[in-house]
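Below is one structure; the comments refer to it alone.
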Amino acid sequence: MAVNEMHQRVWQVLGQIPAGKVVTYGQVAELAGLPGQSRMVGRCLGKLPEGSQLPWHRVINSQGKISLPVGSESYDCQVGRLQEEGVAVINGRIKLSVYRWQP
DNA sequence: GTCGTGACATGCG
DNA sequence: ACGCATGCCACGA
42 MAVNEMHQRV
52 WQVLGQIPAG
62 KVVTYGQVAE
72 LAGLPGQSRM
82 VGRCLGKLPE
92 GSQLPWHRVI
102 NSQGKISLPV
112 GSESYDCQVG
122 RLQEEGVAVI
132 NGRIKLSVYR
142 WQP
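First residue of the first sequence: 42, per our numbering; consecutive thereafter.
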């Protein structure tokens with residue numbers, strides 16, 4: 042089944058994201074070889090184990106915002122980590138023009 | 001086996 | 001800038 046393989050692709054892409062940078066779901070999907078299937082990326086992250094060690098917090102939507110519900114632990118965790126890595130999060134928004142990782 | 005939902009993206013009004 | 005509608009695919013009820 043290719044599902045497992047595409048998950049692997051996604052994990053690998055996440056690992057390539059440098060600290061202090063962020064990427065959109067579409068970007069990850071494209072790098073993973075799944076153009077247009079950004080939903081799969083998001084679904085994968087949701088299924089991600091807690092001790093996966095993958096920098097899922099560097100993945101945001103095309104609007105430069107975090108897709109998680111505001112007030113949830115994941116959201117808070119993501120924002121905190123991003124800010125620690127030097128990413129400015131203003132009003133829950135990130136400047137993609139500055140922090141977007143481009144390979 | 002069908003239906004609805006989801007950590008999305010893009011286009012329109 | 002914002003909300004609504006459509007497309008894409010996998011998964012659970």
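By construction, the Cβ of each residue, glycine as well, lies at the ideal position given by its N, Cα and C atoms.
Residue range of the unbroken alpha helix (DSSP H) whose run includes residue i
i	result
V69	Y66 to L72
V120	E114 to E125
L89	No alpha helix (DSSP H) holds L89; DSSP gives it neither H nor E.
H98	Careful: H98 lies outside any alpha helix (DSSP H) and carries neither H nor E.
R55	The sequence as given places Leu at residue 55; Arg does not occur at that position. Looking at the DSSP string, the run of the alpha helix (DSSP H) that includes L55 is A43 to Q57.
Proximity to residue i [Cα-Cα], best of the options
i	options	result
H48	C85, L72 and G61	C85
Q104	Q94, G133 and C118	G133
A43	C118, M81 and E126	M81
L145	G87, Q68 and S79	A question about residue 145 goes unanswered here, because the residues of the chain that appear run from 42 up to 144.
Short Cβ contact (8 Å threshold) for residue i with residue j
i	j	result
I101	I135	yes
A73	R99	no
Y66	G83	yes
V111	V63	no
Whole-angstrom C-beta distance between residue j and residue i, which should lie under 8 Å
i	j	result
P90	W142	Contact doesn't hold; Cβ gap of about 23 Å is too wide.
G56	L95	7 Å
Paired residues, beta bridge with residue i - DSSP
i	result
V63	R141
R134	K106 and I131
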